[in-house]
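Novice: Structure incoming, see below.
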Amino acid sequence: MVERPGHRLDARRDRERRTLIVSYDPAFPPTSGSDLRNYRNADAAARFGPVCLVSVKPKFAGNAADPLIRLEALSIEGEPRTASVGWWRTRAENRILRSALARLEALAREFRPDTIIVEGVGLFKLLRPLRPLAAQLILDMHNVESDLAAQIRRLSAKRTAAAFGVRFLERKALSLVDRVWVCSNLDRQKLMRLSRHKIPIHVVPNGIPQASDVPTHLPAEPSTGNGFPVIVFIGHLAYPPNVDAAQRLASVIFPRIRHALPDARLVLAGRTPRPAVQALARLPGVELIEDPADVAPLLSSAHLTVVPLTAGGGTRIKILEAMAAGVPVIATPIAAEGLDLVENDEVLLADTDETLAEMAIGLCLDPERRARQRLRAHQAAWARFGLQAIRDAIRDGLGPNGAAA
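If you count the sequence shown from 1, you need to add 50 to reach the working numbering.
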């Protein structure tokens, strides 16, 4: 048989799989944990074909580095608000305008995806309209929201209503999709207990953010010229568990550290900080960096990160990011839940603010132990959450209908 010109190219296009990923916030440039996961998913899916990464909220300026990743938004800054989709929604759901849904349906018909990936049950009202627009519909659960809602409810009695209906919402969502992605085996077990439907549940871990652009060698520890230790806390600063953690870190944990180490500095950084977080910048030694364009310089100047979360779900991308950059991590057990890190070797864990402060002081005063933890954590991050491990997980998560063999 004589192969006609262009036959191989046509065959390759036949094997391409087109993926539409829908998020609430724009995933580019990636800053918060959700952004980082959504953009990482797009980057990995682009290995199998074109990707359209679309947000409900207006997008930021700029284009993705990969020409196969197209960035779109379903709303425009300053446009008049239209009616919402649905006559009622739980507090776990995002408000979605009818104009946004109309744009999404038009975009899906134009892009013709093989697979649509939807970010969590907050976008529940998009699942049914999207169902007929692709061969495969995947729900990417960054958290098991019913479990997370119960944890957040314990943080504030005012949030009891936020947990109402979430379990029902999750079960309904599972009945509408073909596959589900979760961040850890722990979340998979939680979801299997919850689900009444037999549905494939794939563990697609959170990986090292922008791993292809990050050096894999262990960097030297930063100098002490700008204070020691420099402690960083990076996360979405409107997310209630992060707000609570930042407040306790700045007002309870950090003063204890600074009492023992007077040159200590605390840097809080993240998207859309709440007024309560903005107020923390007035405390001695505390600096707030709002909406950082790049967290790499923050990590390269940090001696450690303290993560005092008391609620959360999924796996903590910011912990992986710190470990990959050689920044030692001191955290609560729930902050590192799902990562399967070796305690007292790859991470230091404590339940109380007082013990977290003591651990931070002890690590700062023991350079040999600090160097050992930096090395072990760095090795663990790259071995278990590096680029190839995550690409393999996403390939398996897309399944035969989503990724070419």
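The beta-carbon is built from N, C-alpha and C at its ideal position, and this holds for glycine as well.
Runs of 4 residues minimum, wholly inside the segment 65-105: which ones carry the alpha helix (DSSP H) assignment?
Specialist: For the segment 65-105, whole alpha helix (DSSP H) runs of length 4 or above, ordered along the chain, are 83-95.
Novice: Between the segment 217-224 and the segment 365-384, can you find at least three pairs of beta-carbon atoms closer than 8 Å?
Specialist: In short, these stretches do not touch, since the Cβ pair count stays below three.
Novice: Can you tell me where the alpha helix (DSSP H) holding G412 begins and where it ends?
Specialist: Looking up residue 412 in the sequence shown gives position 362. Taken as a continuous stretch (DSSP letters only), the alpha helix (DSSP H) holding G412 covers 403-414.
Novice: Please state if the CB of E160 and the CB of S84 are separated by a distance shorter than 9 Å.
Specialist: Against the sequence shown, residue 84 aligns to sequence position 34. Against the sequence shown, residue 160 aligns to sequence position 110. Their beta carbons are not under 9 Å apart, which means S84 does not touch E160 by this criterion.
Novice: Can we say the segment 326-341 touches the segment 256-264, given the rule of at least three CB pairs closer than 8 Å?
Specialist: Touching, no, given that fewer than three Cβ pairs across the two stretches are closer than 8 Å.
Novice: Between which residues of its own chain and R419 is the CB-CB distance below 7 Å, once the five residues before and five after are set aside?
Specialist: Working through the sequence shown from its first residue, we reach residue 419 at position 369. Within the same chain, R419 has close Cβ partners L413.
Novice: Where does L70 land, buried or exposed, given buried means 16+ other C-beta within 10 angstroms?
Specialist: Residue numbering aside, residue 70 sits at position 20 when the sequence shown is read from its first letter. Per the 10 Å Cβ criterion, buried.
Novice: Hey, could you find the ends of the alpha helix (DSSP H) H247 is sitting in?
Specialist: Locating residue 247 in the sequence shown gives position 197, counting from the first residue. Counting along the chain, H247 falls outside any alpha helix (DSSP H), and DSSP gives it neither H nor E.
Novice: Can you tell me where the beta strand (DSSP E) with E340 in it begins and where it stops?
Specialist: Mapped onto the sequence shown, residue 340 falls at position 290. 336-340 is the span of the beta strand (DSSP E), which, as asked, contains E340.
Novice: Just checking my contact of T360 with I281 at CB under 8 Å: how many whole Å lie between their CB atoms?
Specialist: In the sequence shown, counting from the first residue as 1, residue 360 sits at position 310. In the sequence shown, counting from the first residue as 1, residue 281 sits at position 231. The pair is not a contact, with the Cβ atoms about 18 Å apart (cut-off 8 Å).
Novice: What are the complete beta strand (DSSP E) segments, minimum 3 residues, inside the segment 124-162?
Specialist: Counting whole runs of 3 or more residues, the segment 124-162 contains no beta strand (DSSP E) stretch at all.
Novice: Just the C-alpha distance for Q429 and S234, rounded to the nearest angstrom, thanks.
Specialist: One-based indexing of the sequence shown puts residue 429 at position 379. One-based indexing of the sequence shown puts residue 234 at position 184. About 19 Å.
Novice: Span of the beta strand (DSSP E) holding H186?
Specialist: To locate residue 186, count along the sequence shown from 1; it is residue 136. Residue identity differs from the one stated: residue 186 is Gln in this sequence, not His. Note, Q186: beta strand (DSSP E), 186-190.
Novice: Using the DSSP secondary-structure output, state which residues sit across from G320 in a beta bridge.
Specialist: Within the sequence shown, residue 320 is the residue found at index 270, counting from 1. E340.
Novice: Can you tell me whether H267 is helix, strand or coil according to DSSP?
Specialist: Numbered from 1 along the sequence shown, position 217 holds the residue referred to as residue 267. Of the three classes helix, strand and coil, the one that applies to H267 here is coil, per DSSP.
Novice: Name the DSSP bridge partner or partners of V168?
Specialist: Counted from its first residue, the sequence shown places residue 168 at position 118. Paired residue(s): V72, L189.
Novice: In angstroms with no decimal places, state the Cα-to-Cα distance between E66 and G99.
Specialist: Working through the sequence shown from its first residue, we reach residue 66 at position 16. Working through the sequence shown from its first residue, we reach residue 99 at position 49. Cα to Cα, E66 sits roughly 5 Å from G99.
Novice: For H309, count neighbouring Cβ atoms within 10 angstroms of its own Cβ and tell me buried if that reaches 16, exposed if not.
Specialist: Here residue 309 is taken as the residue at index 259 of the sequence shown, counted from 1. When all chains shown are included, H309 counts as exposed.
Novice: Closest to G257 by C-alpha separation, out of F435, S350, I444, would be which residue?
Specialist: Numbered from its first residue, the sequence shown carries residue 257 at position 207. Per the Cα distances, F435.
Novice: Contact between the segment 338-345 and the segment 226-241 is defined here as three or more beta-carbon pairs at a separation below 8 Å; is this criterion met?
Specialist: Segments in contact, no.
Novice: Cα separation between T81 and P417?
Specialist: The count along the sequence shown starts at 1 and reaches residue 81 at position 31. The count along the sequence shown starts at 1 and reaches residue 417 at position 367. Approximately 31 Å between the Cα atoms of the pair.
Novice: Between G449 and R315, what straight-line distance do the alpha-carbon atoms span, to the nearest angstrom?
Specialist: Locating residue 449 in the sequence shown gives position 399, where the first residue counts as 1. Locating residue 315 in the sequence shown gives position 265, where the first residue counts as 1. In a straight line, the C-alpha of G449 is about 47 Å away from that of R315.
Novice: Using a Cβ-Cβ cutoff of less than 7 Å, which residues in the same chain neighbour A372 once the five nearest sequence positions on both sides are dropped?
Specialist: Here residue 372 is taken as the residue at index 322 of the sequence shown, counted from 1. Around A372: L349, T355, V379.
Novice: What residue range is occupied by the uninterrupted beta strand (DSSP E) comprising I384?
Specialist: Position 334 of the sequence shown, counting from 1, holds the residue named residue 384. Counting along the chain, I384 falls outside any beta strand (DSSP E), and DSSP gives it neither H nor E.
Novice: Along the chain, where does the alpha helix (DSSP H) containing I369 start, and where does it finish?
Specialist: As a position in the sequence shown, residue 369 is number 319, starting the count at 1. Looking at the DSSP string, the run of the alpha helix (DSSP H) that includes I369 is 367-374.
Novice: Are L154 and L189 touching if we call contact CB-CB under 9 Å?
Specialist: As a first step, residue 154 must be located in the sequence shown, where it is residue number 104. As a first step, residue 189 must be located in the sequence shown, where it is residue number 139. Contact: no.
Novice: Would the beta-carbon of A443 fall within 9 Å of that of H252?
Specialist: Locating residue 443 in the sequence shown gives position 393, counting from the first residue. Locating residue 252 in the sequence shown gives position 202, counting from the first residue. Their beta carbons are under 9 Å apart, which means A443 touches H252 by this criterion.
Novice: Suppose contacts are defined by Cβ-Cβ distances below 9 Å. Is E127 in contact with L157 by that definition?
Specialist: For this step, residue 127 is matched to residue 77 along the sequence shown. For this step, residue 157 is matched to residue 107 along the sequence shown. Going by C-beta atoms, E127 is not nearer than 9 Å to L157.
Novice: For P163, count neighbouring Cβ atoms within 10 angstroms of its own Cβ and tell me buried if that reaches 16, exposed if not.
Specialist: Here residue 163 corresponds to residue number 113 of the sequence shown, with the count starting at 1. The residue in question, P163, is buried, as its Cβ has 16 or more Cβ neighbours within 10 Å.
Novice: Shortest alpha-carbon distance to P279 belongs to which of A92, I411, P130, L425?
Specialist: As a position in the sequence shown, residue 279 is number 229, starting the count at 1. Of the candidates A92, I411, P130, L425, the one whose C-alpha sits nearest the C-alpha of P279 is I411.
Novice: Please list the terminal residues of the continuous alpha helix (DSSP H) segment that includes Q283.
Specialist: Sequence index remark: in the sequence shown, residue 283 carries index 233 (1-based). Note that residue 283 is Phe in the sequence shown, not Gln. Unbroken run through F283 is the beta strand (DSSP E), 280-284; no alpha helix (DSSP H).
Novice: What span of residues does the beta strand (DSSP E) with R181 cover, start to end?
Specialist: Position 131 of the sequence shown, counted from the start, is the residue given in the question as residue 181. Per DSSP, R181 belongs to no beta strand (DSSP E) and is neither H nor E.
Novice: Closest to L338 by CA distance: which of H286, S105, K109, R120 is it?
Specialist: Locating residue 338 in the sequence shown gives position 288, where the first residue counts as 1. Answer by Cα proximity: H286.
Novice: Would H192 be called buried (16 or more neighbouring beta carbons within 10 Å of its own) or exposed?
Specialist: As a first step, residue 192 is located in the sequence shown; it is residue number 142 there, counting from the start. Burial call: buried.
Novice: Starting from T355, follow its DSSP beta bridges and name the residues at the other end.
Specialist: Locating residue 355 in the sequence shown gives position 305, where the first residue counts as 1. Per DSSP, V282, V379.
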